[in-house]
Amino acid sequence: MALALSPLDTVAAAQTSSPSRLAYHGTLDNGLEIVVIPDRRAPVVTHMVWYKVGAADEPLGKSGIAHFLEHLMFKGTDKIPAGEYSKIVARLGGQDNAFTAQDITAYFQRVAKDKLPRVMEMEADRMANLKLAENDVLTERKVILEERRSRVDNDPSSLLQEQMMASLYTAHPYHTPVIGWETEMKGLTREDAIAHYKKFYAPNNAILVVTGDVEPEQVVELAKETYGKIPANSAVGATRKRPVEPEPVAEKRVLLRDGRVGKASLERYYTAPSFSTATGREAEALQLLARIVGASNTSRLYNKLVREEKKASAASAWYSGLALDNGRFGFYAVAAGDNKLEDIEASIDGVIDDVIRNGVTDEELARAKTSEIANLVYSSDSQQSLAHTYGWSLATGRTVDDVEARADRLKEVKREDVQAVAAKYLKRKRSVTGYLIPEASQVAKVDPRPASAGGTLH
Amino acid sequence: MQIQNVVSKKGIEAWLVEDHSRPILSLQFAFKGGSTQDPDGKSGVATFVSGMLDEGAGDLDSQGFQRRLEELAAKMSFSANYDNFSGSFQTLTQNREEAVKLLRAALTDPHFDAEDANRIREQLLANLRLEEKDPDKISSIEWYKLAFGSHPYGRSSNGTVDSIQAITPDDLKAYRKRIFARDNLKVAVVGDIDAKQLGELLDTVFGDLPEKGDLKLVPEVTLANVARQRVVAMPNPQSVVQFGFQGLKRKDPDFIPAFILNYVVGGGGFSSKLMQEVREKRGLAYGVYTYLYPLDHAGIFAGGVATENKSVAQSLDLIRAELERVSKEGLTDAELRQAKDYLIGSYALRFDTSGKIAAQLLAIQLDGLGADYIERRNGEIDAVTVDDVKRVAKRLLEPKNLIVTVVGEPEGVKEVGL
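Quick note, the sequences are listed as chains F and V, same order. Just so you know, we're using numbering that gives the first Met the number 0 here: the first sequence kicks off at 0 and counts up by one. Just so you know, we're using numbering that gives the first Met the number 0 here: the second sequence kicks off at 0 and counts up by one.
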């Protein structure tokens, strides 16, 4: 047992413009990382376990298995009867759930602080002792298929996004949806789930994050008594080598024509570095670029497309950097009236070209920094969002120091940095552009080639 | 947690929870009178106003206002539901004084310029076009139409394409004049401020609003005791279903037992009876849920499920059968105990961020429950008996009166009573 405790200084953080040095961080002998962020304002704790495995780690042909196992983790162990897990948490007056993404799978409970030992015991139990009955697996497979219908198949904009991701990545597994392809989901078995569980669920592939009304020493003691008794799995750890995405050479375009679309809209994604893969201040520069270009009603995109040209009723840009491998930079716009998506796209390209050629102003950069740094302070108000930030960051290869240096790193970004990342990453050949089209009549103008619904053209 | 009742020099009242651990202030407020106050033929006025307050106010035009908000890192947002027009405001302590001036301007001197109004109108229309094809939204809009007909609750707070096109800046100004008044206002504040500073803040922001609002009377309404089922055809693999019937208003003496009943039937996530029947035992849906929606002038007990088209009839049968069973049998001692354990134990989870605390305090004021409600609430739940729940189950759960809307291509589901 080797646990290094870092000095704690929660109150001082409130006096500065950014929350820093909030978290205790350490590692148990079996490899379990522990992060504790005390917040004593309410007698409540948020307890999360983050596994460093997600949909992008699935075997070929088994898409959706990471998410399917997440569902099955609620079935039971020798100590907890099938289907009782969430009921027990509810009886403790707590709330629980879980989620899966490309890089992570996470489980959480929110409970009164005196219930923390019990939920830690239960979470540790299912880290090592999951039991699955064939019948439960088959019933739950129907549930994830319904979940897919709700989230994707019933919603054309989700279908478009799924197709855009599939098109954006040539080799990297981010091209597969987290929920899975329906054809593969239908074939997922109990054995697939158990194989995934045995391969990835172990203390040395997990991060425990506890925020709320707790002492770090108390969490460490409880963790030793529960998770500490589970042996490390030596097979885990070196397994996160994913296919490397080749340098992009051709821009991609995706069209989805669907009678269920109420309004024409377009999206564009670029591959860009994530906070984990970026060098220097590139990730922070991309974050500020997104804000300047399109994160608010004062942004360049909104001013041009919505206020001046009146081509769009909504227009925005975003940067998504919480990833183990590639991050993404994106644009989104909804057509105003009967305006054409090609015209909107041309305006977006105009905004991008302007930044690449002329950069951003000091005033824009200062305003963007103010907003991003203030958002760090606002999000420190919530123990749940703190737990998310630390858990997600550490599970995708960043450190506690990285998380706590975010405000300082943002402050260091210069105008040239923002211009440089725009020039380097907002290249059409790194992108996929998706059109969501309500009527067939627009299609011929978009692309002369015949398009089938949901098909990719490139 | 200590709630202070702060009354400003000009007589504006607010509930305050001081918390100096973060340099943040959260302020939430509401004026009674939401979209039920929209004029006939102009549904969506309240929502339209909510989109316009930060589009130019005081001596700043739309862009200037937004830019100033960003420079101060302050956040403000407004929304309207059936009964209330609400606002939410957050600022850092260091910028509080300046940020508060912006909020004051938004409430007392918004411009409602025609050009800005047309831009926001375009956004509202785009949202309506999206809603027209969104199965969840269609299902909900159709349900309220079936349940409430020509009553203001029968129309959507977001308006219609026609009504949004008919609204003029004068309509927006008229709404603000009638609704934004001090006798109409509830305020909750959490964060880095003391009572004296808050008193001054309240007068700055709200002090110049008129004393009395001018709300038109909204009639009380009960849901018809007759089954209705509407099917809206849409080429989706999964049908979206909404169902519901007469519920309770918040002031009803049976509300707390009904609240427990709802938790057990469909309000309790994985633990609920409907979730067990529909999802856990049979895998028919990702989710099925119920909720109580106590409006000012009506009570609703409603729920929803989404399932592939061939399973809609079976799911609805299971839901009806379960409602019927609970209506006859009520709950067991163990079920009641488990519900109480959750509802009592989890109450603290609603008070762990400034924004959540402010939202709770505001809701309690809007419901007229008194500041001591937070202390009373768990005791009121604990006092409910099996007989109370049984009586309320019999009173409320009338599956034969269910009003149902289905959007999709459900197999073997017919329209009823239309």
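The C-beta atom is built at its ideal place from N, Cα and C for all residues, glycine as well. Just so you know, these numbers come straight off a predicted model, no measurement behind them.
Quiz item: Three or more C-beta pairs closer than 8 Å, one from the segment 220-227 of chain V and one from the segment 286-299 of chain V: is that the case here?
Solution: Short answer: they touch.
Practice problem: Please list the residues of the segment 125-141 of chain F that have a C-beta atom closer than 8 Å to any C-beta atom in chain V, keeping them in chain order. | Solution: Answer set for the segment 125-141 of chain F: LEU137, THR138, GLU139, ARG140 and LYS141.
Quiz item: Along chain F, in chain order, which residues have C-beta atoms closer than 8 Å to that of GLU279/V?
Solution: Position 280 of the second sequence, counted from the start, is the residue given in the question as residue 279/V. Using a Cβ-Cβ cut-off of 8 Å, GLU279/V is close to GLY82 and THR138 of chain F, given in chain order.
Quiz item: Comparing the C-beta of PRO234/V with each C-beta of chain F, is any distance below 8 Å?
Solution: In the second sequence, counting from the first residue as 1, residue 234/V sits at position 235. Taking Cβ atoms only, chain F reaches closer than 8 Å to PRO234/V, which makes this a yes.
Quiz item: Would a check of beta-carbon distances place THR107/V closer than 8 Å to chain F?
Solution: In the second sequence, the residue the question calls residue 107/V occupies position 108. No, no contact with chain F.
Quiz item: Nearest CA to the CA of ASP169/V: which residue from LEU294/V, ASP112/V, PHE205/V and ILE402/V?
Solution: If you number the second sequence from 1, residue 169/V lands on position 170. Checked all of LEU294/V, ASP112/V, PHE205/V and ILE402/V; the closest Cα to ASP169/V is ASP112/V.
Exercise. Flag ARG118/V as yes if its beta-carbon sits less than 8 Å from any beta-carbon of chain F, otherwise no.
Key: As a first step, residue 118/V is located in the second sequence; it is residue number 119 there, counting from the start. So, interface residue.
Quiz item: CB-CB under 7 Å to VAL388/V, same chain, minus the five flanking residues each way: which ones, in chain order?
Solution: Position 389 of the second sequence, counted from the start, is the residue given in the question as residue 388/V. Only PRO256, ILE259, LEU260, GLY329, LEU330 and LEU335 meet the Cβ criterion.
Quiz item: With DSSP run on the structure shown, which of helix, strand or coil describes TYR200/F?
Solution: Position 201 of the first sequence, counted from the start, is the residue given in the question as residue 200/F. Look at TYR200/F here: in three-state DSSP terms it is coil, with no helix or strand label.
Quiz prompt | Under 7 Å by beta carbon: chain F residues contacting GLU70/V | solution = The residue labelled residue 70/V in the question sits at position 71 within the second sequence. From the beta-carbon of GLU70/V, the residues of chain F found nearer than 7 Å are ARG366 and THR369.
Practice problem: Measure the C-alpha to C-alpha separation of GLY433/F and GLN65/V and round it to an integer number of angstroms. | Solution: Walking along the first sequence from the start, residue 433/F turns up at place 434. Walking along the second sequence from the start, residue 65/V turns up at place 66. So the alpha carbons of these two residues sit roughly 30 Å apart.
Self-check item: Inter-residue CB distance, PHE30/V and ASN183/V (contact presumed, cutoff 8 Å)
Solution: Counted from its first residue, the second sequence places residue 30/V at position 31. Counted from its first residue, the second sequence places residue 183/V at position 184. The beta-carbon separation of PHE30/V and ASN183/V, rounded to 5 Å, stays under the 8 Å limit for a contact.
Quiz item: If you drop the 5 nearest sequence neighbours on each side, which residues of the same chain put their C-beta closer than 6 Å to that of ASP135/V?
Solution: To locate residue 135/V, count along the second sequence from 1; it is residue 136. So the list reads VAL239, once near-sequence residues are dropped.
Self-check item: Positions along the segment 246-261 of chain F whose CB lies within less than 7 Å of some CB in chain V
Solution: So the list reads GLY258, ARG259, VAL260 and GLY261, given in the order they occur along the chain.
Quiz prompt | chain V contact residues for GLN94/F, given Cβ-Cβ distances below 7 Å | solution = Translated into positions along the first sequence, residue 94/F becomes position 95. By Cβ distance, chain V contributes SER345 and LEU348.
Quiz item: Curious, which full-length alpha helix (DSSP H) runs of at least 4 residues does the segment 341-424 of chain F contain?
Solution: Taking only runs of at least 4 residues, the alpha helix (DSSP H) segments lying wholly in the segment 341-424 of chain F are 361-378, 382-394, 399-403, 405-411 and 414-424.
Quiz prompt | Distance CB(HIS66/F)-CB(GLU139/F) smaller than 8 Å | solution = Locating residue 66/F in the first sequence gives position 67, where the first residue counts as 1. Locating residue 139/F in the first sequence gives position 140, where the first residue counts as 1. In this structure, HIS66/F lies away from GLU139/F, with their beta-carbon atoms at least 8 Å apart.
Quiz item: Once you ignore the five residues that flank GLY246/V on each side, which residues in its own chain have a CB closer than 6 Å to its CB?
Solution: Mapped onto the second sequence, residue 246/V falls at position 247. For GLY246/V, the CB contacts under 6 Å within the same chain, skipping 5 residues up- and downstream, are LEU291, GLY298, ILE299 and PHE300 in chain order.
Practice problem: Quick one: list the residues of chain V neighbouring ASN296/F, beta-carbon separation under 7 Å, in chain order. | Solution: As a first step, residue 296/F must be located in the first sequence, where it is residue number 297. Simply GLN65.
Quiz item: Of the residues LYS112/F, THR276/F, LEU144/F and MET164/F, which one's Cα is nearest the Cα of ALA210/F?
Solution: Within the first sequence, residue 210/F is the residue found at index 211, counting from 1. According to the sequence as given, residue 210/F is Thr; it is not Ala. That would be LYS112/F, whose Cα lies nearest to the Cα of THR210/F.
Exercise. Indicate whether at least one CB of chain V lies closer than 8 Å to the CB of GLN382/F.
Key: Within the first sequence, numbered from 1, the residue matching residue 382/F stands at position 383. Taking Cβ atoms only, chain V reaches closer than 8 Å to GLN382/F, which makes this a yes.
Quiz item: If you run the structure through DSSP and keep just helix, strand and coil, what is SER238/V?
Solution: Walking along the second sequence from the start, residue 238/V turns up at place 239. Taken through DSSP and simplified to helix, strand or coil, SER238/V comes out as strand.
Practice problem: For the beta strand (DSSP E) containing ARG128/V, list its first residue and its last residue. | Solution: Counting from 1 along the second sequence, the entry for residue 128/V is found at position 129. According to the DSSP assignment, ARG128/V belongs to no beta strand (DSSP E) but to the alpha helix (DSSP H) extending over 113-130.
Self-check item: C-alpha distance - ASP56/F paired with THR225/F, whole-angstrom precision
Solution: Working through the first sequence from its first residue, we reach residue 56/F at position 57. Working through the first sequence from its first residue, we reach residue 225/F at position 226. For ASP56/F and THR225/F, the distance between alpha carbons rounds to 27 Å.
Quiz item: Does DSSP put GLU219/V in a helix, in a strand, or in coil?
Solution: Taking the second sequence and counting its residues from 1, one reaches residue 219/V at position 220. Three-state result, GLU219/V: coil.
Quiz item: Where does the unbroken beta strand (DSSP E) through MET47/F begin, and where does it stop?
Solution: Residue mapping note: residue 47/F aligns to position 48 of the first sequence, counting from 1. That run of the beta strand (DSSP E) goes 43-50.
Quiz item: In the structure shown, what three-state DSSP assignment does ASP95/F receive?
Solution: Within the first sequence, numbered from 1, the residue matching residue 95/F stands at position 96. ASP95/F carries a strand assignment under DSSP once its states are collapsed to helix, strand and coil.
Quiz prompt | Strand pairing of LEU418/V, partner residues [DSSP] | solution = The shown model of chain V, from 0 to 417, leaves out residue 418/V, and the question about it has no answer.
Quiz item: Under three-state DSSP, which class holds THR46/V?
Solution: Residue mapping note: residue 46/V aligns to position 47 of the second sequence, counting from 1. Helix.
Quiz item: Skipping 5 residues on each side, what residues in its chain have a beta carbon closer than 6 Å to that of THR404/V?
Solution: For the purposes of this step, residue 404/V is identified with residue 405 of the second sequence, where counting begins at 1. The answer, listed in chain order, is SER138, GLU141, TRP142, ARG229 and GLN241.
Exercise. Report the residue ranges of all alpha helix (DSSP H) runs contained in full by the segment 325-397 of chain V; include only those spanning at least 4 residues, in chain order.
Key: Scanning the segment 325-397 of chain V for uninterrupted alpha helix (DSSP H) segments of 4 residues or longer gives 332-344, 353-365, 372-381 and 385-395, listed from N- to C-terminal end.
Quiz item: If we ignore side chains and look at the alpha-carbon of each, how far apart do ALA450/F and LYS426/F end up?
Solution: For this step, residue 450/F is matched to residue 451 along the first sequence. For this step, residue 426/F is matched to residue 427 along the first sequence. Note that ALA450/F has pLDDT 31, beneath the 50 cutoff, so the model's placement of it is unreliable and the number below is only indicative. One C-alpha to the other measures close to 25 Å.
Quiz prompt | Selection from ALA357/V, LEU395/V and GLY344/V that minimises the alpha carbon distance to LYS327/V | solution = Stepping through the second sequence from its first residue, residue 327/V is reached at position 328. Out of ALA357/V, LEU395/V and GLY344/V, LEU395/V has the C-alpha closest to the C-alpha of LYS327/V.
Quiz prompt | Nearest candidate by alpha-carbon position, reference ALA345/F, set GLU266/F, ALA422/F and ILE229/F | solution = Within the first sequence, the letter at position 346 stands for residue 345/F. Minimum Cα distance to ALA345/F is reached at GLU266/F.
Practice problem: Taking only the alpha-carbon atoms, compute the straight-line gap between ILE229/F and ALA201/F and give it to the nearest angstrom. | Solution: Your numbering for residue 229/F matches position 230 in the first sequence. Your numbering for residue 201/F matches position 202 in the first sequence. If you take the alpha carbons of ILE229/F and ALA201/F, they lie about 8 Å apart.
Practice problem: Kindly list the residues whose CB is nearer than 7 Å to the CB of GLU458/F, restricted to its own chain and excluding five residues on each side of it in sequence; keep chain order. | Solution: This structure does not reach residue 458/F, given that chain F is present from 0 up to 457, and the question cannot be answered.
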